[in-house]
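Counted from 1, the first sequence has number 25 at position 25 by my numbering; the numbering is strictly sequential.
Where a beta carbon is used, it is the ideal one built from N, C-alpha and C, also for glycine.
Since this is a predicted model, take the numbers as computed values, not measurements.
To start, the structure itself, in structure tokens.
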Amino acid sequence: MNNPDHNHKFSLTTPLYYVNDVPHIGSAYTTIVADALARFQRLQGKSVLLITGTDEHGQKIQRTAAEQNLVPQVHCDRIVDSFKSLWDKLDIKYDRFSRTTAPKHQQIVNEFFDRVWQQDDIYLDRQQGWYCVSCEEFKEERELIANHHCAIHTNKQAEWRDEENYFFRLSKYQQQLEKLYESQPDFIQPPSRRNEVLNFVQQGLKDFSISRVNLDWGFPVPEDPKHTIYVWFDALLGYVTALLEPDQEPTLDHALSQWWPINLHLIGKDILRFHAVYWPAMLASAGLPYPKRVFGHGFLTKDGLKMGKTLGNTIDPSKLVDRYGADAVRYYFLKEIELGKDGDFNETRFINVLNNDLADVLGNSLNRSLGMLKKYCQSTVPQLTSADYSLDHPLKSIGWDLGDRVSQAYENLQISHACEAVLTLVRAVNKYIDDSAPWKLFKQEQQAEVEQILYAVLESVRLSAYLLSPVIPVTSSKIYQQLGFDWDFNRDQLAQIEEFQLHSKWGKLSPNKTLGKANPVFSKLELPSED
RNA sequence: GUCAGAGUAGCUCAGUUGGUUAGAGCAUCGGACUCAUAAGCCGAGGGUCGGGAGUUCAAGUCUCCCCUCUGACACCA
Numbered sequence: 001m002n003n004p005d006h007n008h009k010f011s012l013t014t015p016l017y018y019v020n021d022v023p024h025i026g027s028a029y030t031t032i033v034a035d036a037l038a039r040f041q042r043l044q045g046k047s048v049l050l051i052t053g054t055d056e057h058g059q060k061i062q063r064t065a066a067e068q069n070l071v072p073q074v075h076c077d078r079i080v081d082s083f084k085s086l087w088d089k090l091d092i093k094y095d096r097f098s099r100t101t102a103p104k105h106q107q108i109v110n111e112f113f114d115r116v117w118q119q120d121d122i123y124l125d126r127q128q129g130w131y132c133v134s135c136e137e138f139k140e141e142r143e144l145i146a147n148h149h150c151a152i153h154t155n156k157q158a159e160w161r162d163e164e165n166y167f168f169r170l171s172k173y174q175q176q177l178e179k180l181y182e183s184q185p186d187f188i189q190p191p192s193r194r195n196e197v198l199n200f201v202q203q204g205l206k207d208f209s210i211s212r213v214n215l216d217w218g219f220p221v222p223e224d225p226k227h228t229i230y231v232w233f234d235a236l237l238g239y240v241t242a243l244l245e246p247d248q249e250p251t252l253d254h255a256l257s258q259w260w261p262i263n264l265h266l267i268g269k270d271i272l273r274f275h276a277v278y279w280p281a282m283l284a285s286a287g288l289p290y291p292k293r294v295f296g297h298g299f300l301t302k303d304g305l306k307m308g309k310t311l312g313n314t315i316d317p318s319k320l321v322d323r324y325g326a327d328a329v330r331y332y333f334l335k336e337i338e339l340g341k342d343g344d345f346n347e348t349r350f351i352n353v354l355n356n357d358l359a360d361v362l363g364n365s366l367n368r369s370l371g372m373l374k375k376y377c378q379s380t381v382p383q384l385t386s387a388d389y390s391l392d393h394p395l396k397s398i399g400w401d402l403g404d405r406v407s408q409a410y411e412n413l414q415i416s417h418a419c420e421a422v423l424t425l426v427r428a429v430n431k432y433i434d435d436s437a438p439w440k441l442f443k444q445e446q447q448a449e450v451e452q453i454l455y456a457v458l459e460s461v462r463l464s465a466y467l468l469s470p471v472i473p474v475t476s477s478k479i480y481q482q483l484g485f486d487w488d489f490n491r492d493q494l495a496q497i498e499e500f501q502l503h504s505k506w507g508k509l510s511p512n513k514t515l516g517k518a519n520p521v522f523s524k525l526e527l528p529s530e531d
């Protein structure tokens, strides 16, 4: 907590995705958001740990593997490969990929389980009820629809179970949790989600079972190996295991020494309760500090409809990247969808937004400016600095505090606002060029004025590319390179604080540098004709 | 059923403590220009701000009722 390094470190997680199937668009969405946030923190010179990974235990996995005549681990390995390959395609730069089947994870789980056990927070009790394997949850009779089918997995029938399970004394932590929500008001975000949790907790917490019998695929309960630790209990601890250095001996102390507590758990709204209620209670029992915040984002729809296999309207994230590229997919989800709200994917809108924002507005502003620099200044950046412009200059007036405003937006997880703020500058660039018409001034031999305009324009494009680099690293890199910087936002991510302070301010563009030929940085997309 | 959030131009959304002709981006149409990825710039059309009633000099903005959507919780079967 009082670690002096604290402000220089930032740890965040995506969920550990369930390996029931290849990654779907929702997992891609969360991970893209997490990556952009991580990139922004790195840009500021902070040490960042971005954790993602997979949750691989449970009956559902065991059965899915069996259906394909695979042993569970082989099935998991295959799915894990598909996750990793998608993250690569999307330019996701994760620091840890935490798998719950990793041997070191079992040691962490055992140690943690033992701590909770020592607290007398685990007890054996009989549990009867309907169990949805797809949810890996016991359901109340009333939660089920006709014929005991699960309300979420409507094609799956819940199974009657009557078994002895170990229970976690969640009820004991009711007050502590309420105190947590009160003393850390932004622990759960956005506020609407927070209210839901508050509502739920106020009604009284019930203990929940954390073990299953008749299940092999998982870790045995240390004190009673006939039982297998419940998949969620195991999965959440994957965040802790992820904190271990690669060669470190897997103990809780080691895991928690550097990066705990996690600054941000980024999750979908469907798993809010596990992260906002069960997880902090488990941590409290083990005597560990709480994470700083849990953010539950919204869901994606397609053309206004819920996506689902039954409707057959799912989006394959892998195909989407193959067709349009990582920057395009990233930009759409980060800019066009307000984090926290549900958002819609519509392919025509997707094309329109990208072609306008990235090709016509951002890309073309660079292209036309470099064209003029070549014709009017022999491609040499004019000998000017920020000091040569007054604060009411059309571009400097927007650019001078843009870095601060955009930083604030990223900090608040308002990536969409950050993009919008940058776009305002780029749109102003295009307007400024037309208003000042350098081509006329050049014909009138007003060279100084032309240079004054071009420097301001190029610098504004530079600043925009820099501030958008967490969102569109490929495009930003191309812009930076054409502006004479030897920099690749995908490769070089170890920034210094001083660098950020320079590059995030208007006026960093180095004068006198001779720039190369302009090349479109973002090619226009086309709707697929017919498949 | 209870609670929370939402319903503003074709689409995605902004709209401060109620106050001049309700805004932006995209899409559509028209115009002038040429440095540019036929991009950009200028302009136009397009909204009874979910519906109704009320408070007020004045309501997208406050109150009440209703409708629709989303979510959480509960109940019934």
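{"Query": "Straight-line CA distance for P537 to Q203?", "Result": "This structure cannot settle anything about residue 537, because the visible part of the chain is limited to 1 through 531."}
{"Query": "Below 7 Å CB to CB, which residues in the same chain sit around N199 once its five sequence neighbours on both sides are set aside?", "Result": "none"}
{"Query": "Could you have a look at W217 and say whether DSSP puts it in helix, strand or coil?", "Result": "coil"}
{"Query": "Could you round the C-beta distance between S416 and L339 to whole angstroms and report it? I think they count as a contact, below 8 Å.", "Result": "7 Å"}
{"Query": "In chain order, what residues of the same chain lie with their CB nearer than 7 Å to the CB of E530, ignoring the 5 residues before and after it?", "Result": "Low confidence applies here, because E530 scores a pLDDT of 46, under 50, leaving its location unreliable; read the following figure in that light. Result list for E530: empty, nothing under 7 Å."}
{"Query": "Would DSSP call F113 helix, strand or coil?", "Result": "helix"}
{"Query": "Give the single residue among G53, F500, E498 and D327 whose Cα lies nearest to the Cα of T100.", "Result": "G53"}
{"Query": "What residue does the beta strand (DSSP E) around I315 start on, and which one ends it?", "Result": "Where I315 is concerned, there is no enclosing beta strand (DSSP E), given that its DSSP letter is neither H nor E."}
{"Query": "Tell me which residue opens and which closes the alpha helix (DSSP H) that F350 is part of.", "Result": "E347 to L354"}
{"Query": "Roughly how many whole angstroms lie between the Cα atoms of H297 and Y466?", "Result": "26 Å"}
{"Query": "What is the DSSP secondary structure of W87, reduced to helix, strand or coil?", "Result": "helix"}
{"Query": "To the nearest angstrom, report how far apart Q128 and K206 are at their CA atoms.", "Result": "15 Å"}
{"Query": "Taking the alpha carbon of S82 as the point to measure from, which residue in Y18, G308, K46 and D121 has its own alpha carbon closest?", "Result": "Y18"}
{"Query": "According to DSSP, simplified to helix, strand and coil, what is D125?", "Result": "strand"}
{"Query": "Measuring CA to CA, which of L525, S476, L454 and F522 is closest to L511?", "Result": "According to the sequence provided, residue 511 is Pro. The question's Leu does not apply to it. Nearest C-alpha to P511: L454."}
{"Query": "Under 7 Å between the Cβ atoms of F345 and K306?", "Result": "no"}
{"Query": "Taking the alpha carbon of W232 as the point to measure from, which residue in W487, E498, E449 and Q59 has its own alpha carbon closest?", "Result": "Q59"}
{"Query": "In chain order, what residues of the same chain lie with their CB nearer than 7 Å to the CB of N2, ignoring the 5 residues before and after it?", "Result": "Note on N2: pLDDT 40, under 50, position unreliable in the model; no value is reported."}
{"Query": "Since L334 and C419 are thought to touch, with beta carbons under 8 Å apart, how far apart are those beta carbons, to the nearest angstrom?", "Result": "7 Å"}
{"Query": "So what's S212 in DSSP terms, helix, strand or just coil?", "Result": "A small correction: the amino acid at residue 212 is Arg; Ser does not occupy that position in the sequence shown. R212: strand per DSSP, three-state reduction."}
{"Query": "Strictly by DSSP, which residues pair up with D344?", "Result": "T301"}
{"Query": "Leaving aside the five residues before and after Q496 along the sequence, list all residues of the same chain whose C-beta is less than 6 Å from its C-beta, in chain order.", "Result": "G45"}
{"Query": "Answer with buried or exposed for P473, where buried requires no fewer than 16 other C-beta atoms within 10 angstroms of its C-beta.", "Result": "buried"}
{"Query": "Enumerate in chain order the residues of its own chain whose CB-to-CB distance from T251 is below 7 Å, with the five nearest sequence positions on each side excluded.", "Result": "E111"}
{"Query": "Using a threshold of 7 Å, state whether the C-beta atoms of F299 and L266 are closer than that.", "Result": "no"}
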